[in-house]
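Student: First, the structure itself, so that you have it in front of you.
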Amino acid sequence: MDMNADRTQETMARPANNKGDQPMVVIERLVKQFGRLRAIDDLTMTIKAGETYGLIGPNGSGKTTLIRMLVGLLRPTSGTIRIGGERVPSPQVAASLGYMTQLSALYLDLTAKENLRFFSSIYGLRGKEQERAIQEMLERVDLADRANGVVGTFSGGMRQRLSLACALVHRPRLALLDEPTVGVDPELRRAFWDYFAQLNREGVTIIVSTHQLDEAAHCTRLGLLRSGILLAQDTPRQLLLQSGKDNMEDAFLYFASRKEELS
Amino acid sequence: MNFARIAALASRIIRQLLRDRRTLALIFVVPVVIMTLLYLVLTNTSSVHTLALVRPSGPGSNQINTLLDSLLPGKDTLHVVNINASQVDSTLKNGDADAAVVFPADFAQAVAAGQQPAVQIVLEGSDPTVASAMNDLAGNIVRQLGIALYVAKLKQSQPGQFAPTSSAGSLPLPLTISQPRYIYGGSQYTYNDALAPVFIGIFSFFFVFLLTSIAFLRERSQGTIERVLVSPLTRAELVLGYIGGFTIFALVQSIVVLLFVVFVLRVHYSGNLALVFLVTVLLTIGSVNLGIFLSTFAQNEFQVVQFIPLVLGIQVFLSGVFWPVAQLPGALQPISYILPLTYANNALRGVMLKGNTFADIAGQLAALLLFALLMVLLSTLAMRRRVV
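Protein chains in written order, with this note's numbering: chain A, 924 to 1186; chain B, 14 to 401.
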């Protein structure tokens, strides 16, 4: 049992830049069917290690469904997902993932520190290493002075920051963040994106979903998603160039209409 | 399986419970208040009781009935109602009398023939204090009647025949008194004694069910369950963590209730504490998992509360808390035997009142274990089905 935990920590401690340009996530011909609704339709994409990949699309486009399949909460109807070369769902993969849900998903009756302690514990962190990770995380999301405050008394922005901290406290190699900036004020939103860039430099791969197209420019690469179909994927700059538009919103509409013409 | 992670989950649950003052009050204060109320209600009985008489009715009964009337205490001490033999059980069950003295119809003839007819005392029995007092009172009346009849017989007989026929020196009464029959309960325990053990079971079952189902509902509605499920924590570890956290709580609760019952209410207690805990542990494991299972069918706290009559109401009425299962209508008895509290009640009463050993309650423990395992299976399946 403990061997498993040790392996987990070893995996996390390994410098991610060893991976070089190895793909972090490989998705092939992925389909997810809910009754008659096809939420993900024959999706194939590759996410590189150390990049921030933005899943862009309106509500109901399949972003959350895709992320839930990546973390293993949903089983694909068909197709495969590999993370770090391993088929998901797998316990080894689970240990190296960090997941932030759309809801802030915190224990409101516990303090910030107790939430971080619980979530880091279930990822196998303990002792001094755990305390260090918690303290570092609290400082990173600027909650060190409220560490012992009960989360129920926190504002929306504070909860969102703590939620991010809980997703990252065990130093995952791949962070999957579902709309992390919803309801976050512009200043904090900027801080989040700066932090994501820093995590990329530390070798952490980030998959982030958003329906706010103005945020897309912060991502390394983008996947434009609509009705479960990948409309296009490339760097933000390339997508603007290809579409000949000067903003992401127009670019999205361009790719959406082009897809319709094709089909 | 990783015990450190299970421990992390269990300690988180305890920490959350400790933070919630109202829930703490619910767990520790409410049982004590209810036990006190129950104690007060059950020991507060009226002082004038009613005795139902089934008088002898055959030839020669008039003289005996006159004698009987002269022996009955005054109306400020005892009410007397006359009934016939077929009305005994219904009169007592309706609460119209606390006890009955039943003379056989041919009592007078049997006495005259020297047959020592048996007089039956029937006790309502739901309040053992009353039952015991009525047993003494009715017994005395019948004994006095016996003495009076003996004396009357001596007066009628020839002076030369005056000699005691009993070798033991006690009066050879011309009648016998049968063992008292109880409508409810029995002579060996009091009502408080009979209720205290089952309330330990009810409290741990009910509060743990309520706490788990709401805690688990919150895990779902706040989305934290997804984070937990995404982590390397397995479903088995999740279930065990929940069982661990809530079982520790239920055990502390049953210690509080037990100490209160034994040392403050001074309820009769003769069993092994470890066995009481064993029953509580098994019951709690079942309850935790029933809570998880049912909470997956609820969308909010109010819907959880709606499960209470289903889970608690049925069990309180059918598991032998107030009425023995054997006295329930035949159609309801099979239901009693699928309820975990039926087995918990039997085991707890057996241990606390009769000093039963592990071997004595092994059957009940096996039933509780089976229930617990079934609930673990259901909650694990429900988690798979509803959450993921």
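Positions of the beta carbon are idealized from the N, C-alpha and C atoms, including for glycine.
Could you tell me which of Asp149(B), Ser74(B), Val94(B) and Ile40(B) sits nearest to Ala65(B), measuring between CA atoms?
Tutor: In the second sequence, counting from the first residue as 1, residue 65(B) sits at position 52. That would be Val94(B), whose Cα lies nearest to the Cα of Ala65(B).
Student: Going along the chain, which unbroken runs of the beta strand (DSSP E) with 3 or more residues stay wholly within the segment 1090-1135 of chain A?
Tutor: Listed in chain order, they are 1097-1101 and 1128-1133.
Student: Kindly indicate if chain A contains any beta-carbon less than 7 Å away from that of Phe262(B).
Tutor: For the purposes of this step, residue 262(B) is taken as residue 249 along the second sequence, with counting starting at 1. Chain A contact via Cβ: absent.
Student: Any contact of the segment 223-239 of chain B with the segment 366-382 of chain B, i.e. 3+ C-beta pairs under 8 Å?
Tutor: The answer is no - the segment 366-382 of chain B does not touch the segment 223-239 of chain B, with fewer than three Cβ pairs under 8 Å.
Student: If I measure Cβ to Cβ from Gln122(B) and keep anything under 7 Å in the same chain, skipping five residues before and after, which residues do I get?
Tutor: Looking up residue 122(B) in the second sequence gives position 109. Closer than 7 Å at the Cβ level, and outside the excluded window around Gln122(B), lie Gly71, Pro72 and Gly73.
Student: Using the C-alpha atoms, what's the distance from Ala962(A) back to Ser984(A)?
Tutor: Counting from 1 along the first sequence, the entry for residue 984(A) is found at position 61. Counting from 1 along the first sequence, the entry for residue 962(A) is found at position 39. Approximately 7 Å, taken between the alpha carbons.
Student: Indicate whether at least one CB of chain A lies closer than 7 Å to the CB of Arg32(B).
Tutor: What you label residue 32(B) is simply residue 19 of the second sequence in a count that begins at 1. So, interface residue.
Student: Quick one: using the 10 Å Cβ neighbour count with 16 as the cut-off for buried, is Lys1051(A) buried or exposed?
Tutor: Residue numbering aside, residue 1051(A) sits at position 128 when the first sequence is read from its first letter. With fewer than 16 other Cβ atoms within 10 Å, it is exposed.
Student: Please name the residue in Ala1035(A), Asp964(A) and Gly1151(A) whose C-alpha comes closest to that of Arg1069(A).
Tutor: Taking the first residue of the first sequence as 1, we reach residue 1069(A) at position 146. It is Ala1035(A) whose Cα lies nearest to the Cα of Arg1069(A).
Student: With 7 Å set as the bound, which would you pick, yes or no: does the beta-carbon of Val1131(A) sit closer than that to a beta-carbon of chain B?
Tutor: Along the first sequence, one-based indexing puts residue 1131(A) at 208. Closer than 7 Å: no.
Student: Sorted by chain position, which residues of the same chain lie with C-beta nearer than 6 Å to Arg930(A)'s C-beta, five sequence neighbours on each side aside?
Tutor: For the purposes of this step, residue 930(A) is identified with residue 7 of the first sequence, where counting begins at 1. Residue confidence for Arg930(A) is low, a pLDDT of 41 falling below 50, so the modelled location carries little weight; the figure read from the coordinates is stated next. Answer for Arg930(A): no residue qualifies.
Student: By how many angstroms is the C-alpha of Val61(B) removed from the C-alpha of Leu1031(A)?
Tutor: As a first step, residue 1031(A) is located in the first sequence; it is residue number 108 there, counting from the start. As a first step, residue 61(B) is located in the second sequence; it is residue number 48 there, counting from the start. About 58 Å.
Student: Could you tell me the boundaries of the beta strand (DSSP E) in which Gly878(A) lies?
Tutor: The first residue shown for chain A is 924 and the last is 1186, placing residue 878(A) beyond what the model contains.
Student: If you follow the beta strand (DSSP E) that Met1023(A) is part of, which residue opens it and which one closes it?
Tutor: Within the first sequence, residue 1023(A) is the residue found at index 100, counting from 1. Start and end: Leu1020 to Met1023.
Student: At a CB-CB cut-off below 9 Å, which residues of chain B make contact with Asp965(A)?
Tutor: Locating residue 965(A) in the first sequence gives position 42, counting from the first residue. Ordered by position in chain B, no residue passes the 9 Å Cβ test against Asp965(A), which lies about 23 Å from the chain.
Student: Report buried or exposed for Gly1047(A), applying the criterion of at least 16 other Cβ atoms within 10 angstroms of its Cβ.
Tutor: Taking the first residue of the first sequence as 1, we reach residue 1047(A) at position 124. That one is buried.
Student: For Ala17(B), which three-state DSSP category applies?
Tutor: Walking along the second sequence from the start, residue 17(B) turns up at place 4. Ala17(B) falls in the helix class under three-state DSSP.
Student: Do you know how far the Cα of Ile990(A) is from the Cα of Leu307(B)?
Tutor: What you label residue 307(B) is simply residue 294 of the second sequence in a count that begins at 1. What you label residue 990(A) is simply residue 67 of the first sequence in a count that begins at 1. Roughly 28 Å separates the two Cα atoms.
Student: Going by Cα to Cα distance, which pick from Arg1149(A), Leu997(A) and Val949(A) is closest to Lys971(A)?
Tutor: Locating residue 971(A) in the first sequence gives position 48, where the first residue counts as 1. Of the listed residues, the one whose Cα sits closest to Lys971(A) is Val949(A).
Student: Using a Cβ-Cβ cut-off of less than 7 Å, give me the residues of the segment 223-253 of chain B that come near chain A, in sequence order.
Tutor: From the segment 223-253 of chain B, only Gln235, Gly236, Thr237, Glu239, Arg240, Val241, Leu242, Val243, Ser244, Pro245 and Leu246 have a Cβ closer than 7 Å to chain A.
Student: Within the segment 1147-1180 of chain A, note down every full alpha helix (DSSP H) run reaching 4 residues or more, in order along the chain.
Tutor: Entirely contained in the segment 1147-1180 of chain A, the alpha helix (DSSP H) runs reaching 4 residues are, in chain order, 1159-1166.
Student: With Ala113(B) as the anchor, note down where its beta strand (DSSP E) starts and where it stops.
Tutor: In the second sequence, counting from the first residue as 1, residue 113(B) sits at position 100. Counting along the chain, the beta strand (DSSP E) containing Ala113(B) begins and ends at Ala112 to Val115.
Student: Is Ala1098(A) close to chain B, meaning its C-beta is less than 7 Å from at least one C-beta of that chain?
Tutor: Translated into the one-based positions of the first sequence, residue 1098(A) becomes position 175. Ala1098(A) does not count as touching chain B.
Student: By the criterion of Cβ-Cβ separation under 8 Å, what are the contact partners of Glu1037(A) in chain B?
Tutor: Locating residue 1037(A) in the first sequence gives position 114, where the first residue counts as 1. Under the 8 Å cutoff, chain B gives Arg25 and Arg28.
Student: Nearest to Glu951(A) by CA position, among Gly1008(A), Thr987(A), Ile979(A) and Thr975(A), is which residue?
Tutor: For the purposes of this step, residue 951(A) is identified with residue 28 of the first sequence, where counting begins at 1. Minimum Cα distance to Glu951(A) is reached at Gly1008(A).
Student: I'd like the ranges of any alpha helix (DSSP H) spanning at least 4 consecutive residues and lying wholly in the segment 946-1004 of chain A.
Tutor: Complete alpha helix (DSSP H) runs here, min 4: 986-993.
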